[in-house]
Each structure stands twice: as C-alpha cells, then as structure tokens.
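Line by line, the protein sequences give chains A and B.
Just so you know, we're using the working numbering here: the first sequence kicks off at 1 and counts up by one.
Just so you know, we're using the working numbering here: the second sequence kicks off at 348 and counts up by one.
Built from N, CA and C at the ideal position, the CB exists for glycine as well.
No experiment lies behind these values; they were computed from the predicted model shown.
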Amino acid sequence: MNGKILVIIDHFKGEALPASWEAVGAASELARSGGGQIAVLVLGAESKPLAEQVFQFGVQEAYYCDDPTLTDYRPSPYAAVVASVARKLSAAVLLFPTTVRGRELAALSAVELGGGVMPDVTELEVSDGKILATRPVYAGKLLARVVCEATPAVITTRVRAFKKPAADPAHGGEPVRVEAVIPEEDIRVKVAGYTRSETGVSLSDANVIISGGRGVSNNPELSPPAGMDEKQAEIWRAQQGFKMIGELAALLGAAVGASRAAVDAGYIPYEHQVGQTGKIVSPDLYIACGISGAIQHLAGMRSSKVIVAINKDPEAPIFKLARFGVVGDIYKIVPALTDEFHKRLGK
Amino acid sequence: MNIVVCVKQVPDSAAKVVVEGGRVSWGDAPLVLNPWDEYAVEAALLLQEAAGGDVTVLSVGGESAKEALKTALAMGCSQAILISDPALDAADSQAIARVLCAAIKKVGGVEAAFFGRQAIDGDMGVTGVQTAHLLGWPMLGLAARVEFENGKLRVERSFEEGRQIVECQLPAALSISKDIGEPRYPSFMGIRKASRAEIPTWDLAALGIEAPVSVVRWPEVFNPPVREVKTEMIEGGSPQEIAEKLVAKILEEKVL
Ligand SMILES: Cc1cc2nc3c(=O)[nH]c(=O)nc-3n(C[C@H](O)[C@H](O)[C@H](O)COP(=O)(O)OP(=O)(O)OC[C@H]3O[C@@H](n4cnc5c(N)ncnc54)[C@H](O)[C@@H]3O)c2cc1C
Ligand SMILES: Nc1ncnc2c1ncn2[C@@H]1O[C@H](COP(=O)(O)O)[C@@H](O)[C@H]1O
C-alpha cells in the first residue's frame with residue numbers, strides 16, 4: 001500500500017476507549033501484510049499524555065491537538081483536524097474504533113477527504129494493494145466484503161474484533177503538536193453540560209456479560225412491599241431479579257445486559273439492552289437468564305465465544321446457540337451459580 | 348419549524364436473511380419502515396407539535412418504499428416524497444447523502460433534518476452525518492432528548508460514557524436514539540389519510556443533479572460460516588449439583 005495508515009484514538013478526558021487500541025492493532029495487521037507506516041492522532045483535552053503512550057505499540061509517528069476548541073468533543077472541529085492531518089500525511093487509510101465519536105468522525109472525514117467509509121469491520125485484508133474489508137450486515141445475519149475505490153479508505157473497527165497490540169515499553173518517541181483548524185466563532189455547536197452514566201462496566205467492551213430477560217420478573221417467592229399496584233409490583237420483582245443477576249456479575253467482573261422485553265417493561269434502563277436495537281456485544285462468556293432468544297436478541301450477542309442459557313422452557317430458541325444449557329428456574333440456578341463460582345474462584 | 352425526516356425501507360428485523368444464488372433474500376418477510384427511523388419520525392413529530400410547521404418525510408428507494416413513507420404519513424407526517432432513479436441502484440452512503448442533500452434543498456425552507464441511528468440492512472450509521480456535512484449543517488447525533496426554546500435547539504447526545512448537552516441555532520441535523528421514547532402507532536385516521544395519499548416521485552433530473560459517484564463497492568455478500576455449536580444440557584438433582592457441573596464446564600472453557 002502506498003501512503004500512511006492514520007489511526008485516530010477515541011478517549012474521554014485522557015482515558016482511551018479500549019477499542020482504540022484494537023484499531024491500532026488492526027493498523028499493525030495492515031502494515032504487516034500491506035506495508036505502510038502507522039501514525040496516530042489524539043484530539044482534545046489530555047491528548048498529549050495519550051499520544052506519548054502510543055509509541056510503545058510500535059507506531060512510528062504520533063500527533064496530538066489539545067486546542068481549547070477541542071476540549072469537548074464536537075464533530076466539525078474534530079473532523080477538520082483529522083482531515084488536515086490526513087492530508088499532510090497523504091494517508092491512504094484512516095482507522096477509527098467503532099464508537100459513537102469514531103463512527104461519526106469516520107463518516108465526516110470520508111466526505112471531507114473524498115474517500116469512502118466502511119464502518120464496523122471485523123476483518124481486513126490487503127489484496128493487490130487494495131483493502132478488502134469484511135463487515136457484518138443485516139445485524140450479522142450476513143457478511144459483506146467491501147472495497148473502497150477512492151483514497152483514503154476510512155474504516156472503523158468493530159469492538160473486540162481486533163487484538164490490542166503487545167506493548168514494548170522500550171519503544172518511545174515524541175508526539176508532534178498540531179493546530180486546530182476551525183476557530184471557535186465558526187463552530188455552531190456549543191456544549192452546555194455533561195452527565196456521566198452510572199452503568200459501571202461498559203457492555204461493549206465486557207469480557208463477561210450476564211443478561212436478564214422478561215423471566216426476571218416472576219419470582220413467586222417474593223412478596224412486594226404493601227401498597228404497590230400490579231405494575232409497580234412487577235417492576236419491583238424484576239429489580240430483585242436483576243439484583244440477583246448483579247451479584248453474579250459483580251463476582252465475575254461482568255457487565256449486566258438485558259433483553260428488549262426487560263427494557264421496555266421498565267425493569268432496567270435502555271443502556272443495558274443487548275440486540276439489534278441495543279448494543280452489539282461479543283464477550284468471551286454470555287449468560288442469558290430468562291431470555292427466549294428472539295432473532296433480534298441473538299443479533300446482538302451471537303458472536304459471543306461461549307453462550308450459556310438458563311431458561312425454564314426447554315424449547316426456548318436461545319438453547320440452539322448455547323454451548324451450555326440449563327432447563328430450570330433462574331431463581332434457583334443463578335444463586336447456586338453465584339455460590340459455586342464464589343467457592344471455585346476463592347472470592 | 349419545517350422539518351424533514353429521512354427514512355429507508357428495509358426487511359423486517361425478524362426476517363431470516365440469507366444469500367441465495369449470490370443475491371440477498373428475505374423470503375416472504377415484509378419490507379418495513381426502518382425501526383430506527385420510527386424514532387426519528389417520532390422525534391420530528393414531537394418537535395413539530397411544540398414548534399409548529401410541517402414534517403416532510405423523504406426516502407430514496409424503489410417504488411415499494413412508498414409503503415414505508417405511508418407508515419410515516421400514518422404516524423402523522425404532513426407529506427411524503429419518494430426519490431427514485433435507476434442510476435442509484437448501487438449507491439453508497441455518500442451518494443445517498445448527496446441525493447438527500449439535494450432533495451432537502453429542493454423541499455426548501457427546511458430548518459431541521461432528522462435521521463435514524465442506522466438502517467438495519469447495511470448497518471452503516473453514517474448517512475445522516477454525511478448529509479449534514481454536505482448541507483453545511485451541524486450534526487447533533489444520537490439525540491436522547493430534543494428541546495426547542497428561543498429559536499435554539501438543545502439536545503442531549505448519547506455517548507459511551509454519558510450524555511453531552513449541546514445547543515445550536517437552526518438549521519441543524521439530528522439522528523435519534525431510542526431514549527427519545529417509543530414511537531407512536533399510526534392512528535386510524537392517519538392510516539386512512541396515508542392510504543389515499545398521492546406520493547410524488549422525484550428522479551435525479553428533478554433534483555437537478557448528476558448521478559453521484561459511489562466509491563464503496565460490495566463485491567460479495569455471503570452467509571456467515573455456520574457456527575457448529577454442540578449444546579450440552581446440564582442436568583442434576585438439585586440446583587447445587589447443576590451449578591457445580593456448569594461452573595466446572597465454564598472454567599474448562601478458560602473464558603474467565
Ligand atoms: C424492530 C425490533 C427490534 C428489536 N430489538 C431487540 C433488541 O435489540 N434486543 C432484544 O432483546 N429484543 C429486541 N426485540 C424484541 C424481541 O423480538 C423479543 O420480543 C425480546 O427479545 C424478548 O425478550 P425476552 O426473551 O426477555 O422475553 P420473552 O420472549 O417473553 O422470553 C422470556 C423467557 O424467559 C423464560 N422464563 C420466564 N420465567 C423464567 C424463570 N423464572 N426461569 C427461567 N426462565 C424463565 C421463558 O421461558 C421465556 O423463554 C426487537 C423487536 C423488534 C420488532
Ligand atoms: N435510502 C435512504 N433514503 C432516505 N434516508 C436514508 C436512506 N438511507 C439511509 N437513510 C437515513 O440515514 C440513516 C442512517 O442510514 P445508514 O447510514 O444507511 O445506516 C437512516 O436511519 C435514515 O434516516
């Protein structure tokens with residue numbers, strides 16, 4: 001390949017989203033098979049310390065821009081800097097992690113630079129000097145091979161599809177500061193505030209996910225506090241159910257997921273939803289508790305390495321995808337699992 | 348405020364989609380309004396209810412896409428326009444964005460353009476922001492809340508780690524996240540109105556543009572390799588016994 005590979009790190013206040021390092025990993029794969037030097041760009045507040053860190057992953061150049069106009073993420077000033085650095089380096093490939101910011105900036109940079117965008121790819125290959133990307137379409141029901149006929153090829157890498165490269169602390173270097181492109185008075189979007197979510201472990205990056213479905217709400221042994229109407233009592237029951245799931249999750253350092261039925265019924269916030277209209281996840285271990293396995297749910301978790309299903313209905317479709325299945329009541333099985341993990345992991 | 352919502356028609360999310368003879372097939376599953384675009388329609392209607400004006404719904408697609416437009420009309424949109432041209436058959440996201448940009452300009456007087464999060468066929472999630480860029484409008488992506496006050500939009504954008512509150516003057520483009528609230532069902536009156544609606548079709552000539560160049564090609568679409576999962580059912584006389592066996596099996600997989 002002619003031209004450089006430019007990787008853009010996504011971070012929040014100096015803390016890189018893990019998928020950013022996977023994008024660097026994807027760049028190393030490309031460089032190994034197709035040649036080309038890797039440059040990394042970090043934008044925003046606290047970008048310099050991050051830019052210093054990237055050399056340990058074997059990249060040749062790093063750039064950062066911590067101009068005050070970039071303190072908070074905003075698409076237009078960010079994309080303008082990405083485009084200017086890409087032009088200066090004559091980058092042939094731009095790589096972003098598939099995050100909200102990554103996907104948005106990739107789309108913008110592609111238009112700005114006259115390239116083409118290939119979001120959320122799971123595999124990259126170089127053939128005849130061209131990049132052939134594989135990406136899931138139709139919620140992973142199919143795979144597509146895509147090529148970009150224009151330069152640069154702008155790619156976002158699916159979370160957990162590429163490996164974080166090995167670090168070698170002996171590699172070091174000095175990042176280069178670059179200037180912002182758009183002055184504040186030309187930026188129409190103003191940031192008025194920020195609220196952090198309290199979800200804890202991020203679903204998309206999680207190694208282990210324990211999910212609950214509509215089945216979390218029907219424990220007959222619980223009696224809700226007096227004075228609740230039927231709907232309140234159902235939600236109360238479901239919350240006890242998610243507490244039980246949460247205990248197992250806490251023990252395993254896992255994130256808590258949910259089906260849409262559980263989210264729509266108000267048992268748990270939407271941030272936890274796994275599936276076609278929720279988060280697409282691919283943890284090493286996915287434990288589905290009281291989830292039937294509707295096609296839209298499977299779309300979000302089918303690429304998990306090991307799937308465990310606990311459901312009282314032996315005909316539940318989730319069992320078809322599961323490595324291990326238990327036909328049983330989650331109120332009996334999940335606490336027993338927590339106890340057993342507790343013993344075996346010595347925690 | 349005059350609003351445009353851009354929607355796509357896609358195979359139903361429950362469809363079994365496979366490649367047969369090199370072509371994508373979804374059997375007899377229906378084509379529907381892209382589920383993410385229902386949220387965009389909902390958000391646009393809420394804003395219109397608060398600020399007045401019209402909601403125009405646009406779709407680039409074949410003749411069948413009129414059905415998706417009718418769903419949006421039945422939900423309460425004021426008018427619908429189909430953009431259809433054989434030259435757009437293999438259009439990539441940027442080409443669609445150029446067409447939408449031209450169409451939004453032709454509608455005229457538009458102050459806000461709404462998009463879905465992504466279309467559930469190609470799963471790209473880029474067309475909205477690309478259209479915004481071509482229009483020269485700021486993008487307020489993945490809006491979880493939209494308010495309009497004193498001529499200003501105030502939007503909560505969803506990111507991995509939380510929500511950013513941003514403000515901007517019109518015109519602006521938005522994409523809508525599920526947090527906005529469940530989309531309304533078409534009303535009976537709406538369905539009757541939609542079924543009688545005449546939906547105009549614009550081709551590229553009507554938009555006054557040449558066929559935009561597509562640079563991303565899909566040379567091959569294929570069925571994912573079948574994953575051989577041998578399901579092992581764990582049984583036992585008591586929950587404890589089941590848990591012992593299952594935990595042992597999970598630990599053997601070395602995923603923890
Ligand atoms: C456009 C569209 C998008 C969608 N997107 C998503 C999405 O992103 N994610 C998603 O999950 N769904 C999505 N859905 C919804 C999906 O079709 C299903 O309705 C949903 O996944 C069902 O959730 P569930 O399995 O929790 O509930 P159910 O299907 O009701 O299943 C509950 C299961 O729990 C079992 N159960 C009950 N009690 C117990 C107990 N005590 N112990 C053990 N097992 C028990 C039952 O046997 C049953 O199998 C979408 C649907 C549409 C139309
Ligand atoms: N053919 C189309 N016609 C109208 N709007 C579209 C079309 N394709 C995409 N969009 C809009 O752009 C959003 C993102 O689509 P995509 O980038 O294809 O995932 C969709 O949710 C729609 O709002």
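Task: 8 Å Cβ cutoff met for A/Val126 and A/Leu6 - done: no
Task: In DSSP terms, what A/Ala299 is bridged to - done: Paired residues: none, contrary to the question.
Task: Buried or exposed (CB count within 10 angstroms, at least 16 for buried), A/Gln276 - done: buried
Task: Beta carbon proximity, A/Arg188 to chain B, threshold 8 Å - done: yes
Open item on the list: Using CA atoms only, rank isn't needed, just tell me which of B/Leu420, B/Ala442, B/Ile597 and B/Val404 is closest to B/Phe535.
Closed with: B/Leu420
TODO: Please report how far the alpha carbon of A/Ile333 lies from the alpha carbon of B/Leu393, in whole angstroms.
DONE: 45 Å
Open item on the list: Taking 7 Å as the cut-off, is the C-beta of B/Ser561 nearer than that to any heavy atom in ligand 2?
Closed with: no
Task: Contact set between the stretch 439-454 of chain B and chain A, restricted to residues whose Cβ is under 8 Å from the partner - done: Asp439, Ser440, Gln441 and Ala444
- [ ] Using three-state DSSP, classify B/Glu496 as helix, strand or coil.
- [x] strand
Open item on the list: Give me the chain A residues within the contact set of B/Asn570, using Cβ-Cβ distance strictly less than 7 Å, ordered along the chain.
Closed with: Leu142
TODO: Take the Cβ of B/Glu579 as the centre, count every other Cβ of all protein chains shown within 10 Å, and call the residue buried at 16 or more, exposed below.
DONE: B/Glu579 comes out exposed.
Open item on the list: The alpha helix (DSSP H) that contains A/Glu185, what's its start and end?
Closed with: Note, A/Glu185: premise wrong, no alpha helix (DSSP H); not H, not E.
- [ ] Entirely within the stretch 388-417 of chain B and at least 4 residues each: give me those alpha helix (DSSP H) ranges in chain order.
- [x] none
Task: Collapsed DSSP secondary structure at A/Asp120 in the structure displayed - done: Strand.
Task: Any 3 or more C-beta pairs closer than 8 Å across the stretch 70-82 of chain A and the stretch 39-47 of chain A - done: yes
Open item on the list: Classify B/Asn381: buried if its beta carbon has 16 or more other beta carbons within 10 angstroms, exposed otherwise.
Closed with: buried
TODO: Below 7 Å CB to CB, which residues in the same chain sit around B/Val371 once its five sequence neighbours on both sides are set aside?
DONE: Val364 and Val568
Open item on the list: For a test of the three-state rule: what should DSSP assign to A/Gln240, helix, strand or coil?
Closed with: Three-state result, A/Gln240: helix.
Open item on the list: Does A/Leu298 pass the burial test, meaning 16 or more other C-beta atoms within 10 Å, or should it be called exposed?
Closed with: buried
Task: Members of the stretch 349-360 of chain B near chain A, C-beta cut-off 7 Å - done: Ser360
TODO: Say whether chain B places a C-beta atom closer than 8 Å to the C-beta of A/Gly116.
DONE: yes
Task: A/Gln240 vs A/Leu222 beta-carbon contact at 8 Å - done: Yes. Within cutoff.
Task: A/Leu95 to B/Ser411 span [Cα, whole Å] - done: 36 Å
Open item on the list: Measuring straight from C-alpha to C-alpha, what distance separates A/Ala226 and A/Ser282?
Closed with: A/Ala226 and A/Ser282 have their alpha carbons spaced roughly 41 Å apart.
Open item on the list: Since A/Val216 and A/Cys289 should fall inside the 8 Å C-beta cutoff, what is the C-beta to C-beta distance between them, to a whole number of angstroms?
Closed with: 7 Å
- [ ] List the residues of chain C whose Cβ lies closer than 7 Å to the Cβ of B/Gly472, in chain order.
- [x] The chain inventory of the structure shown lacks chain C, comprising the protein chains A and B.
TODO: Decide if the stretch 132-145 of chain A is in contact with the stretch 103-123 of chain A; the criterion is three or more beta carbon pairs, one per stretch, under 8 Å apart.
DONE: yes
Open item on the list: Quick check on A/Gly241 - is its C-beta less than 8 Å from some C-beta in chain B?
Closed with: Not an interface residue.
TODO: At 7 Å on the CB atoms, spell out the chain B contacts of A/Cys148, in chain order.
DONE: Those within 7 Å of A/Cys148 in chain B are Val562 and Val563.
TODO: State yes or no: is the C-beta of A/Ala294 nearer than 7 Å to some heavy atom of ligand 1?
DONE: Yes, the beta carbon of A/Ala294 sits closer than 7 Å to at least one heavy atom of ligand 1.
Open item on the list: 8 Å is my cut-off, CB to CB: does B/Ile467 come that close to chain A?
Closed with: yes
- [ ] Just confirm the distance between the C-beta atoms of A/Ala355 and A/Arg214, as a whole number of angstroms; I'd bet it's less than 8 Å.
- [x] Past the edges of chain A, shown from 1 to 347, lies residue 355 of chain A, and the structure says nothing about it.
Open item on the list: Checking 8 Å against the spacing of the C-beta atoms, do A/Ile280 and A/Gly300 come in under that value?
Closed with: Yes, the pair counts as a contact, with Cβ atoms nearer than the cut-off.
- [ ] Below 6 Å CB to CB, which residues in the same chain sit around B/Val388 once its five sequence neighbours on both sides are set aside?
- [x] Val352, Ala419 and Met422
Task: Residue environment, A/Pro314, which counts as buried when at least 16 other CB atoms sit within 10 Å - done: So A/Pro314 ends up on the exposed side.
- [ ] Can you give me the Cβ contacts of A/Leu89 inside the same chain, cut-off strictly under 7 Å, excluding the 5 residues immediately before and after it?
- [x] Shown here for A/Leu89: same chain residues with a beta carbon closer than 7 Å to its own, the five before and five after excluded, namely Lys4, Leu6 and Ala39 in chain order.
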